[in-house]
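K.L.:
Numbering (UniProt numbering), first residue to last: 1 to 462.
Sharing a structure below in structure tokens format, with a few things to ask.
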């Protein structure tokens, strides 16, 4: 792939040119470091200037009616400022005040939900599945894992998982643990006693028409007076499409800057770069005109030529960095489609060599490209290196990541008889019955990584 040749690895016994060192450093740098480098270049090179970002892309996004009914940003664009609280229960303000009073010490959404969950039920199975549900909420409070996967992971019936989900959805803030915008809004309407009213019918079946303000059409379809639809729209306007938004971000979310996002567009998982993370640069037209005007001092001309050459090389490096990062991420998504479709339990073994072969670059280039880079997915924010894992092949030929195997070990220990804990050999034998062949020392290593005590200490601890 010629366009990526700039980032091809060189032999260790070859000296790297300053330009090559710069290109490799830019590829490896996370966004926060890259911005610092760019700021230094802007100070050192007068021919470089920062572009004023065009808003046309955002305007296109805001004009997309389909996105309006599907995304929080577009939903807010339609809703606008809060209007009068039409039809909200009398005690809503009191409940809201209690909610905010409980947030005197900033708290993350998972912490807040976990406290409520433990106060709501003592059922160990529901608590366990509820914790999994809470752990799979994104920053907005939406559930980003299939219930079937949770059922398989917890080894519980789908009915029990659904019971746990209903319990979590009954916690505050209203709308949390919804699987999409419609469910989020419906949960809030049910809390207000509007679960079978016009408001719920609009959310269930006519959200797109509502986004387009087609009130007359909605009224005809529902066979209700137009003023009733208008009143319903005012109430829906007060609902919260982002129930997790008022909480402090988790430590991981607070310190991580996302380089990429993965979204399903037209039925296909697509990688989107975080364009806002890196300033866009260009060569100043004024300096180019000055260079071509003629009649300048030779020293000035040489200075301008060198600065323009240096600036163009930097721009090329930045373009190739983004291209390489995007192509590596796209290859990862192609290899880990099951993960994006179904969640953590479907993560498959993957090596950097496999990605390198797919896109025609060196393995060390892949290593540099993923270093300290983060991607936002429907299942949470992950470091790109998270997707590279050794694995095992089952007797049936299925590939399992070591993370999946660790989860199986953890589940076995959780369900063991406290009076007769499983030894490492017992775990080896149990895994073999599942078609997974592991050495006892490997089980011991995984057990230690999971911070699980040896069997004789677990017995004494019990």
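Think of the CB as a built atom: it goes at the ideal place given N, C-alpha and C, for glycine as much as any other residue.
1) Let me know the secondary structure DSSP gives residue 446 once reduced to three states.
2) Helix, strand or coil: how does DSSP classify residue 519 here?
3) Can you tell which of 437, 415 and 418 has the C-alpha that lies nearest to the C-alpha of residue 425?
4) Would you mind listing the alpha helix (DSSP H) stretches within the region 302 to 367 that are 4+ residues and don't spill past its ends, in chain order?
5) So, using beta-carbon positions, are residue 368 and residue 24 closer together than 8 Å?
6) Counting C-beta neighbours from all protein chains within 10 Å, is the total for residue 455 16 or more, i.e. buried, or is it exposed?
7) Per DSSP, what kind of secondary structure is residue 278 in: helix, strand or coil?
8) Classify residue 421: buried if its beta carbon has 16 or more other beta carbons within 10 angstroms, exposed otherwise.
9) Compute every distance between the C-beta of residue 327 and the non-hydrogen atoms of the ligand MN, then say whether any falls below 7 Å.
10) Across the region 271 to 290 and the region 167 to 175, are there enough close Cβ pairs to call them in contact, namely three or more that are closer than 8 Å?
11) Hey, quick one: how far does the alpha helix (DSSP H) through residue 135 stretch, first residue to last?
12) Under 8 Å, do residue 161 and residue 379 count as touching if we go by C-beta distance?
13) Return helix, strand or coil for residue 537, following the three-state DSSP convention.
14) Can you tell me the Cα-Cα spacing of residue 318 and residue 27, whole angstroms?
15) Do you know offhand how far residue 110's Cα is from residue 246's?
16) Please report the distance separating the alpha-carbon of residue 410 from that of residue 346.
17) Taking the straight line between their C-alpha atoms, what separation do you get for residue 365 and residue 304?
18) Using a threshold of 8 Å, state whether the C-beta atoms of residue 331 and residue 355 are closer than that.
19) Assuming residue 281 and residue 51 are in contact, meaning their beta carbons sit under 8 Å apart, how far apart are those beta carbons, in whole angstroms?
P.N.:
Working from what's here:
1) Collapsing the DSSP output to three states places residue 446 in a helix.
2) Shown here, the chain extends from 1 to 462; a query on residue 519 therefore has no answer.
3) For the residues 437, 415 and 418, the minimum Cα distance to residue 425 belongs to 437.
4) DSSP runs (the alpha helix (DSSP H)) wholly in the region 302 to 367: 337 to 342 and 352 to 359.
5) Yes, the Cβ-Cβ distance between residue 368 and residue 24 is below 8 Å.
6) Residue burial is scored here from C-beta neighbours: residue 455 has at least 16 other C-beta atoms within 10 angstroms and is therefore classed as buried.
7) Residue 278 carries a coil assignment under DSSP once its states are collapsed to helix, strand and coil.
8) Around the Cβ of residue 421, a 10 Å sphere holds 16 or more other Cβ atoms; the residue is buried.
9) The ligand MN is absent from the structure shown, which contains no ligands of any kind.
10) The region 271 to 290 is not in contact with the region 167 to 175.
11) Taken as a continuous stretch (DSSP letters only), the alpha helix (DSSP H) holding residue 135 covers 124 to 135.
12) Going by C-beta atoms, residue 161 is not nearer than 8 Å to residue 379.
13) Residue numbering for the chain in the displayed model covers 1 to 462; residue 537 lies beyond these limits and cannot be assessed.
14) Each residue's alpha carbon lies about 8 Å from the other.
15) When rounded, the distance between both Cα atoms is 12 Å.
16) Looking at the two C-alpha atoms, the distance is approximately 17 Å.
17) The C-alpha of residue 304 is placed about 33 Å away from the C-alpha of residue 365.
18) Going by C-beta atoms, residue 331 is nearer than 8 Å to residue 355.
19) Contact check for residue 281 and residue 51: beta-carbon distance about 7 Å, within the 8 Å limit, so the pair qualifies.
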